[in-house]
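Same order as they appear, the protein sequences are chains A and B. Residue numbers for the first sequence, in the UniProt record's numbering: 1 to 250. Residue numbers for the second sequence, in the UniProt record's numbering: 1 to 249.
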Amino acid sequence: MLANKGVNPPSFRKTGTTIVGLIFQDGVILGADTRATEGPIVCDKNCEKIHYMAPNIYCCGAGTAADTEAVTDMVSSQLQLHRYHTGRESRVVTALTLLKRHLFNYQGYVSAALVLGGVDVTGPHLHTIYPHGSTDTLPFATMGSGSLAAMAVFESKYKEGLTRNEGIELVTEAICSGIFNDLGSGSNVDVCVITKGGKEYLRNHLQPNPRTYTSSKGYSFPKKTEVLLTKIIPLKEKVEIIEGGDAMEE
Amino acid sequence: MLSLLPKDFEFFITMGDSQYSFSLTTFSPSGKLVQIEHALTAVGSGQTSLGIKAANGVVIATEKKLPSILVDETSVQKIQCLTPNIGVVYSGMGPDFRVLVRKSRKQAEQYHRLYKEPIPVTQLVRETAAVMQEFTQSGGVRPFGVSLLIAGYDDNGPQLYQVDPSGSYFSWKASAMGKNVSNAKTFLEKRYTDDMELDDAVHTAILTLKEGFEGQISGKNIEIGIIGTDKKFRVLTPSEVDDYLAEVE
């Protein structure tokens, strides 16, 4: 009804997004930008898109922010219970299967496109998961609106057996490509390196969009409204205090 | 074979005849719930377990007597972890314990999902106790044949709780359950001090277990779980237990 009068309901908070992952010689590196959008408006300039799944598994999420957060949270919980029950470290394929089954059940209505990466007893793994529940297993992957920009970088520069620094540099380059060439992605670069020994979550590893436009003098706005008269009227006391009287009954 | 009257067909349930659809825990004329009393007897004939709350942590321990020397003792773990900072041990029926552990872990995880806070020890105890109480007031089920000792360390410091088959729970400074309970409790009453350190508590726990132990005590036939100021519950390895045993000698 309000739409007739030109007032539209806010569109979903989406994570326009560029998310990437690649396998390097010691494990997996995941990367993501940090812009969250509500239609044409940037609603969060520094959100976290790399979600914790297990101590050795992380997941980047593109699509509707609420969906990616809820689904990764839920599967993370299920993995924790599974770990208690089996007494073993979680496997990436377990997280993969739990996620894809859930997404397929909802026939694509849970709008979450994920890049899942981790290292377990069987080695390093990297997968992409689409909202309808299909998955791919890849040595390097990109998702989100900036995926084409990032994939262009990967396709030209990826090779097997990258070292840790080479891998981080390549991931950063791919995310930056998304940040600068895709309107849905922007702000900073988050990187997460997962190896057999452990994980390193490099939050805001690169900040290529610092805020440089604040004036050091501060801003002063000219007063446009002229003050004609100042009059202060105290409000009347509405409460009459009667001393004494009977105490309230318990 | 019970003969079914025509009226019974209306209430036919897959569980059995309608004559058995009442709860087994119905009050006796003396005001007791007989099934719960029997459950406590089952607990009382289980292997001894005990817990001691120290000033800077909690220790729980149990006998691990296996039915035969052929049983692989590494496959049996009586002390379990419910959350990273809460552990539990039992006296009574092992399979009932496993079911409760599974339910408690799920509840702890659900609490964490909802409040993004690790579940406080008292909350988990309350929820576990509520599950155990449910099974004393539902149709077609029996009470759990275990008493639990839940040890945890959260913002309120170290805590030790006992939960009974009836669903009642108590906070203890030190407690024991199972076969040797009266001797163990007397021993603990004598030895317990409020300012005990965690290591002293482990030694006291070992001595208490030794009291009623038949045979040679070693790292292979007892289990000890500790949680200290690091708030991480862990079960000691058999070699660590042997080290503590050597210190006690």
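By construction, the Cβ of each residue, glycine as well, lies at the ideal position given by its N, Cα and C atoms.
Query                                                                                                                                                                                   : Result
Mind listing the chain B neighbours of Asn98/A? Cutoff is C-beta to C-beta under 9 Å, in chain order.                                                                                   : Reading off the sequence shown, one finds Leu at residue 98/A, where the question assumed Asn. Within chain B, no residue comes near Leu98/A; the closest Cβ sits about 14 Å away, beyond 9 Å.
Label residue 251/A either buried or exposed according to how many other C-beta atoms from any shown protein chain fall within 10 Å of its C-beta, with 16 as the threshold for buried. : In the structure as shown, chain A begins at 1 and stops at 250. Residue 251/A is therefore absent and cannot be evaluated.
Would you grab the beta carbon distance between Cys60/A and Ala95/A for me? Rounded to a whole angstrom, and I think it's under 8 Å.                                                    : That belief does not hold up - the Cβ atoms of Cys60/A and Ala95/A are roughly 13 Å apart, past 8 Å.
At 8 Å on the CB atoms, spell out the chain A contacts of Glu109/B, in chain order.                                                                                                     : Ser77, Gln80, Leu81
Would you say Arg105/B reaches chain A, if we count a Cβ-Cβ gap shorter than 8 Å as a contact?                                                                                          : yes
What residues from chain B crowd round Asp73/A, counting only those whose CB sits closer than 7 Å?                                                                                      : Arg113
Just to confirm, are Leu50/B and Ala184/B a CB contact at a threshold of 8 Å?                                                                                                           : yes
To the nearest angstrom, how far is it from the Cα of Tyr106/A to the Cα of Thr86/A?                                                                                                    : 28 Å
Mapping the DSSP letters down to three states, classify Lys231/A as helix, strand or coil.                                                                                              : coil
Under 6 Å Cβ to Cβ from Leu206/A, same chain only, skipping five residues before and after it: list those, please.                                                                      : Thr172, Val189
Measuring alpha carbon to alpha carbon, tell me which residue in Asn165/A, Tyr201/A, Val93/A, Leu202/A is nearest Asp26/A.                                                              : Asn165/A
Is it buried or exposed, Asp230/B, if we count other Cβ atoms within 10 angstroms and call 16 or more buried?                                                                           : exposed
What residues are listed by DSSP as bridge partners for Arg234/B?                                                                                                                       : Ile226/B
Can you say whether Ile79/B is buried or exposed, counting buried as having 16 or more other CB atoms within 10 angstroms of its CB?                                                    : buried
So is Tyr84/A in contact with chain B if we call contact Cβ pairs under 8 Å?                                                                                                            : yes
CB-CB under 8 Å to Leu124/B, same chain, minus the five flanking residues each way: which ones, in chain order?                                                                         : Leu82, Thr83, Ile86, Ser104, Gln107, Ala108, Tyr111, Ile150, Gly152
How long is the line joining the alpha carbons of Leu22/A and Leu79/A, rounded to whole angstroms?                                                                                      : 23 Å
At a cut of 8 Å, does the region 42-50 of chain A reach the region 152-169 of chain A through at least three beta carbon pairs?                                                         : no
Is it buried or exposed for Leu162/A, if we count other Cβ within 10 angstroms and need 16 for buried?                                                                                  : buried
Assuming Ala201/B and Val88/B form a contact by the criterion Cβ under 8 Å, report the distance between their Cβ atoms to the nearest whole angstrom.                                   : Rounded, the Cβ-Cβ distance is 17 Å, inconsistent with contact.
With DSSP as the reference, please indicate the residues paired to Ala184/B in a beta bridge.                                                                                           : Answer is none; Ala184/B lacks a bridge partner.
Spell out the partners DSSP gives Gln137/B in its beta bridges.                                                                                                                         : According to DSSP, Gln137/B bridges with nothing at all.
Start and end of the beta strand (DSSP E) containing Ser147/B?                                                                                                                          : 146-154
Going by CA-CA distance only, name the one from Pro120/B, Asp96/B, Pro118/B that's closest to residue 328/B.                                                                            : With chain B represented from 1 up to 249, any question about residue 328/B goes unanswered, as that position is not in the structure.
Could you pull the start and end residues of the beta strand (DSSP E) that Cys176/A belongs to?                                                                                         : Where Cys176/A is concerned, there is no enclosing beta strand (DSSP E), although the alpha helix (DSSP H) it sits in stretches over 164-181.
Assuming Val153/A and Ser177/A form a contact by the criterion Cβ under 8 Å, report the distance between their Cβ atoms to the nearest whole angstrom.                                  : 5 Å
Do the CB positions of Ala150/A and Val20/A come within less than 8 Å of each other?                                                                                                    : yes
Classify His85/A as helix, strand or coil using the three-state DSSP reduction.                                                                                                         : helix
Could you say which of Ser77/A, Leu81/A, Arg91/A, Arg101/A lies nearest to Tyr115/B if we only look at CA atoms?                                                                        : Ser77/A
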